[in-house]
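**Q**
In the working numbering, the protein residues as written are 37 to 295.
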């Protein structure tokens with residue numbers, strides 16, 4: 037892994053002229069240069085099609101930038117480069133095999149620790165159970181994944197990422213399709229991981245009110261460029277929301293509602 041100079045380690049995220057295009061969709065990300073300071077919980081916000089999930093996949097090393105570079109915690113991210121000890125990626129949706137037990141699925145987060153021996157060690161099982169305990173799902177360890185509720189499945193996905201023992205968790209829309217109670221439980225869990233364990237959470241989110249409440253730093257994307265960026269409590273304001281989303285809003289009791 038290529039390490040950036042020490043002065044860049046003060047940044048959680050460093051983008052240099054970052055651009056990305058799909059074959060039938062140019063300019064998804066358009067020459068973005070940005071340094072995000074160290075923050076426990078970073079939210080990536082913006083309208084549909086703004087490039088949020090694309091940026092997260094670039095950070096995860098799944099997609100290769102068309103142009104430019106990206107660094108996370110001072111490490112330059114490139115496809116096919118092993119970053120499994122630095123970051124874990126939780127996609128927006130995942131195919132869940134019918135007969136996969138919860139514990140076996142979480143153990144898939146340990147391949148970087150077992151690849152030399154090709155077998156699961158007692159320590160790996162211990163870490164998998166620890167991860168399930170941390171997300172409040174240890175009791176489901178023998179259950180099949182598809183038998184769990186949506187909220188429980190999301191927590192198990194996070195447990196798999198925790199079992200990987202990485203510094204950074206990249207999570208794409210962690211509360212999509214969850215009811216309000218499960219949304220609050222998952223976001224509170226992520227906030228706790230950032231505050232209590234020193235994890236760095238980078239999450240694509242849609243709800244600006246939740247981002248303002250739970251995250252420390254917010255990055256807004258619009259039209260392939262940075263619409264706004266800054267501490268969540270400062271940058272998530274009426275002016276930013278109206279500018280980025282193109283709608284009128286007003287603030288009531290600390291929440292943004294459409295005017």
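Heads up, the beta-carbon is just placed ideally off N, CA and C, and yes, glycines get one too.
I want to know whether the stretch 193-209 touches the stretch 132-147 - three or more CB-CB distances under 8 Å.
**A** Taking 8 Å as the limit for Cβ pairs, the verdict is that the stretch 132-147 does touch the stretch 193-209.
**Q** Name the residue from 189, 156 and 67 whose alpha carbon lies nearest to the alpha carbon of residue 171.
**A** As a working note, residue 171 is residue 135 in the chain shown. Selected option, being the one with the closest Cα: 189.
**Q** Name the residue from 290, 248, 64 and 251 whose alpha carbon lies nearest to the alpha carbon of residue 99.
**A** Walking along the chain shown from the start, residue 99 turns up at place 63. Cα-wise, what sits closest to residue 99 is 64.
**Q** Would residue 161 pass as a contact of residue 143 if the rule is Cβ separation under 9 Å?
**A** Along the chain shown, read from residue 1 onward, the residue named residue 161 stands at position 125. Along the chain shown, read from residue 1 onward, the residue named residue 143 stands at position 107. Contact flag set, yes.
**Q** For residue 38, which three-state DSSP category applies?
**A** Taking the first residue of the chain shown as position 1, residue 38 is located at position 2. Because residue 38 carries a pLDDT of 42, less than 50, the predicted location of this residue cannot be relied on, and the following value inherits that uncertainty. In the structure shown, residue 38 sits in coil (DSSP, three-state: anything other than H, G, I, E or B).
**Q** List the endpoints of the continuous beta strand (DSSP E) containing residue 50.
**A** Your numbering for residue 50 matches position 14 in the chain shown. Looking at the DSSP string, the run of the beta strand (DSSP E) that includes residue 50 is 47-58.
**Q** Identify the residues that DSSP records as bridge partners of residue 256: which are they?
**A** Position 220 of the chain shown, counted from the start, is the residue given in the question as residue 256. Answer is 81 and 264, bridged to residue 256.
**Q** Applying the criterion that 16 or more other CB atoms from any shown protein chain within 10 Å of the CB defines a buried residue, is residue 236 buried or exposed?
**A** Within the chain shown, numbered from 1, the residue matching residue 236 stands at position 200. So residue 236 ends up on the buried side.
**Q** In the structure shown, what three-state DSSP assignment does residue 294 receive?
**A** Within the chain shown, the letter at position 258 stands for residue 294. DSSP places residue 294 in strand when its eight states are reduced to three.
**Q** Mapping DSSP to helix, strand and coil, what is residue 217?
**A** Translated into positions along the chain shown, residue 217 becomes position 181. Residue state, collapsed to three classes: helix.
**Q** With a threshold of 6 Å on Cβ separation, who are the neighbours of residue 102 within its own chain once the five nearest residues in sequence on each side are excluded?
**A** For the purposes of this step, residue 102 is identified with residue 66 of the chain shown, where counting begins at 1. Excluding sequence neighbours, residue 102 sits near 55, 56 and 57.
**Q** Which same chain residues end up closer than 7 Å to residue 278 when comparing Cβ atoms and leaving out the 5 residues on each side of it in sequence?
**A** Here residue 278 refers to the residue found at position 242 of the chain shown. Excluding sequence neighbours, residue 278 sits near 284 and 285.
**Q** May I ask you to report which of helix, strand or coil DSSP gives residue 152?
**A** For the purposes of this step, residue 152 is taken as residue 116 along the chain shown, with counting starting at 1. Because the pLDDT at residue 152 is just 49, under 50, the model does not fix this residue reliably, and the point stays unresolved.
**Q** Exposed or buried, residue 293, counting other C-beta atoms within 10 Å across all chains shown (16 or more means buried)?
**A** Within the chain shown, the letter at position 257 stands for residue 293. Exposed is the call here.
**Q** First and last residue of the beta strand (DSSP E) that includes residue 63?
**A** For the purposes of this step, residue 63 is taken as the residue at position 27 of the chain shown. Start and end: 61-73.
**Q** If the criterion is Cβ atoms closer than 9 Å, does the pair residue 233 and residue 191 meet it?
**A** In the chain shown, counting from the first residue as 1, residue 233 sits at position 197. In the chain shown, counting from the first residue as 1, residue 191 sits at position 155. No, the Cβ-Cβ distance between residue 233 and residue 191 is not below 9 Å.
**Q** By Cβ distance below 7 Å, which residues in the same chain neighbour residue 82 in space, the five residues on each side in sequence not counted?
**A** Taking the first residue of the chain shown as 1, we reach residue 82 at position 46. Closer than 7 Å at Cβ, skipping near neighbours: 88, 256, 257, 258, 263 and 280.
**Q** For the alpha helix (DSSP H) containing residue 88, list its first residue and its last residue.
**A** In the chain shown, residue 88 corresponds to position 52, counting from 1. Run containing residue 88: 88-95, per the alpha helix (DSSP H) assignment.
**Q** Please name the residue, chosen from 244, 167 and 62, that lies closest to residue 261 on a Cα-to-Cα basis.
**A** Here residue 261 refers to the residue found at position 225 of the chain shown. For the residues 244, 167 and 62, the minimum Cα distance to residue 261 belongs to 62.
**Q** Do residue 271 and residue 80 have their beta-carbon atoms positioned less than 9 Å apart in this structure?
**A** Mapped onto the chain shown, residue 80 falls at position 44. Mapped onto the chain shown, residue 271 falls at position 235. No, they are not a contact pair.
**Q** Got a sec? Which residues, its chain only, sit under 6 Å from residue 174 by beta carbon, not counting five neighbours each side?
**A** Numbered from its first residue, the chain shown carries residue 174 at position 138. 168.
**Q** From the DSSP output, which residues share a beta bridge with residue 126?
**A** Sequence index remark: in the chain shown, residue 126 carries index 90 (1-based). DSSP, once it has assigned bridges, lists 207 as partnering residue 126.
**Q** Ends of the beta strand (DSSP E) at residue 236?
**A** Your numbering for residue 236 matches position 200 in the chain shown. First-last of the beta strand (DSSP E) with residue 236: 236-240.
**Q** Determine which residues share a DSSP beta bridge with residue 106 and list them.
**A** For the purposes of this step, residue 106 is identified with residue 70 of the chain shown, where counting begins at 1. DSSP, once it has assigned bridges, lists 51 as partnering residue 106.
**Q** For residue 210, count neighbouring Cβ atoms within 10 angstroms of its own Cβ and tell me buried if that reaches 16, exposed if not.
**A** For the purposes of this step, residue 210 is taken as residue 174 along the chain shown, with counting starting at 1. That one is buried.
**Q** So what does residue 180 bridge to, in DSSP terms?
**A** Along the chain shown, read from residue 1 onward, the residue named residue 180 stands at position 144. 137.
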